[in-house]
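Notes follow once the structure below has been shown.
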Amino acid sequence: MAAIRNVLTRLSSSLGLPRAFTQSPRSALTTLLYHRFVSPGGQVDAARERLHRQLDWLQQRYTTLSPVGAVSHIERGTLPPFSLVVTSDDAGTDLLDIWDVFHEHGVPLAVFPCVGWVESSSPLTDSPTLSRVIDLVRWYAGPERSVDLGKNWSFLLNPNSVDRTIDHIIGASQAGGEDYLAAAWDVLSAIPREADDPRSDCNWGELADLCRRGVLIGSHTVTHCRLAGCSDLRLNFELRESKRAIEARLAPCETFAYPFGTADAVSHRTTAAIIEAGYRCAFLTRQDFAPNHADIHCLPRITIPDDNMVDFDLFRSLVLGGHIPWQKIKGMALSGFYRCEETVLIASFLGEFAA
Ligand SMILES: [Zn+2]
528 MAAIRNVLTR LSSSLGLPRA FTQSPRSALT TLLYHRFVSP GGQVDAARER
578 LHRQLDWLQQ RYTTLSPVGA VSHIERGTLP PFSLVVTSDD AGTDLLDIWD
628 VFHEHGVPLA VFPCVGWVES SSPLTDSPTL SRVIDLVRWY AGPERSVDLG
678 KNWSFLLNPN SVDRTIDHII GASQAGGEDY LAAAWDVLSA IPREADDPRS
728 DCNWGELADL CRRGVLIGSH TVTHCRLAGC SDLRLNFELR ESKRAIEARL
778 APCETFAYPF GTADAVSHRT TAAIIEAGYR CAFLTRQDFA PNHADIHCLP
828 RITIPDDNMV DFDLFRSLVL GGHIPWQKIK GMALSGFYRC EETVLIASFL
878 GEFAA
């Protein structure tokens with residue numbers, strides 16, 4: 528499937544097809560989204576070489592910006608030609624092997640770690656935080672069990688009803704404070720779970736090092752959840768607690784990247800909550816470029832597949848939007864090909880393409 532998609536992406540880019548489906552990258556912001564630069568067990572030297580070549584090409588063609596710099600231009604309608612922002616989600620430890628390649632090329636890199644994963648990867652030096660406790664619940668994969676913390680504090684641990692349990696714990700911790708968190712940590716941390724071996728997410732110390740070296744750190748929630756499906760309580764926790772933790776440990780956190788940033792993860796309610804929590808902008812995983820005056824709380828990105836999945840020609844085709852026509856056609860088909868509005872939309876796209 529990936530092979531067919533890659534052929535279509537190259538073909539579409541070389542035929543100039545993206546022009547029929549979106550604006551030119553000359554007059555819009557291109558935001559790249561990386562996940563893994565070096566896959567577990569992958570070759571670090573080869574990954575660094577690949578990245579050098581990619582950044583050489585980007586530097587010759589694009590004006591690289593920080594996310595906040597780019598959104599200021601979008602709001603004013605003053606995007607420089609070929610504007611580019613580079614982002615990376617999930618903060619894998621492979622960042623430590625490649626951050627200096629960005630530094631060397633003078634290309635700003637914005638990283639979006641998931642705070643629960645960072646907490647769980649860091650040594651416990653203080654009393655456990657709510658994020659740390661909730662991370663244990665979020666990824667619990669064992670059989671259903673009842674957890675009794677004493678003092679009438681109890682809840683059910685069940686992989687199928689995690690969201691309800693997390694809502695309960697957020698509410699109970701507000702009333703029970705540190706005593707509640709300490710009791711929950713004692714019980715939950717004693718439950719055996721599959722070890723993440725070797726550790727794959729950056730911890731606070733490593734992110735602090737990256738931050739000192741100029742890498743920008745934004746939020747990617749606490750538990751890597753689908754925000755649109757969350758209760759109001761959880762939505763505010765995910766947005767505010769991740770921001771608070773990053774600001775307490777690292778630096779001001781003004782940018783947000785949606786986990787699963789597709790259309791079903793986003794709603795008017797999530798956008799309002801992101802603005803209310805004090806974020807300047809938010810990124811999706813929808814494949815597109817963002818023109819001047821775009822909605823800065825729903826910014827599309829271009830996904831770059833993990834390290835050795837992408838050769839240089841495919842990289843170039845992706846950056847130039849080769850994947851966008853297929854994503855848009857698929858999106859229209861999934862949202863109801865036979866419905867009247869979509870048929871009109873397709874007709875107008877085809878018309879534009881034919882013109
Ligand atoms: Zn993610």
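Okay, so the sequence shown: first residue is 528 according to the working numbering, each after it adds one. Idealized CB from N, CA, C, for every residue including glycine. From a predicted model like this one, the values you see are computed outputs, not experimental measurements.
query	result
Closer than 8 Å: A784 CB and nearest ligand 1 heavy atom	yes
Residues bridged to T614 (per DSSP)	L560, A637
Cβ pair count under 8 Å reaching 3, the segment 780 to 794 against the segment 750 to 770	yes
Closer than 8 Å: D662 CB and nearest ligand 1 heavy atom	no
First and last residue of the uninterrupted alpha helix (DSSP H) at T798	795 to 803
Euclidean distance between Cα positions of L877 and P686	Unreliable placement is indicated for L877, whose pLDDT of 45 sits below 50; the coordinate value is still reported in the next sentence. About 45 Å.
Same chain only: Cβ atoms within 7 Å of L578, ignoring 5 sequence neighbours per side	F564, I625, V628
E721 burial status per 10 Å Cβ neighbour count (16 or more: buried)	exposed
Within 9 Å, strictly: CB atoms of V598 and A637	no
Three-state secondary structure assigned by DSSP to N533	helix
Cβ pair count under 8 Å reaching 3, the segment 650 to 663 against the segment 703 to 717	yes
Proximity below 9 Å, CB of F810 to CB of G848	no
Residue range of the beta strand (DSSP E) that includes S727	Segment: none, S727 is in no beta strand (DSSP E) and carries neither H nor E.
Sequence-distant residues of its chain with Cβ nearer than 7 Å to V742 (five each side left out)	W626, L636, V638
Reference S887, options Q550, L542, L606, closest by Cα	Nothing in the structure corresponds to residue 887, since the chain is present only between 528 and 882.
Proximity test, D616 beta-carbon vs ligand 1 heavy atom, cut-off 8 Å	yes
Distance between V642 and R553 (C-alpha atoms, nearest Å)	35 Å
Closest residue to C825 among L538, A735, T558 (Cα-Cα distance)	T558
Of the listed residues K857, D838, R537, nearest to A574 (C-alpha basis)	D838
Residue range of the alpha helix (DSSP H) that includes Q886	Only positions 528 to 882 of the chain appear in the structure, and residue 886 is not among them; the question remains open.
Secondary structure of V598, DSSP reduced to three states	helix
Closer than 8 Å: C757 CB and nearest ligand 1 heavy atom	no
Extent of the continuous beta strand (DSSP E) run through I829	826 to 830
Nearest residue (CA-CA) to H600, options P818, G543, S647, I531	P818
P567 versus K678: straight-line alpha-carbon distance, rounded	44 Å
Closest Cα partner of T652 within the set R807, W731, I718, L684	W731
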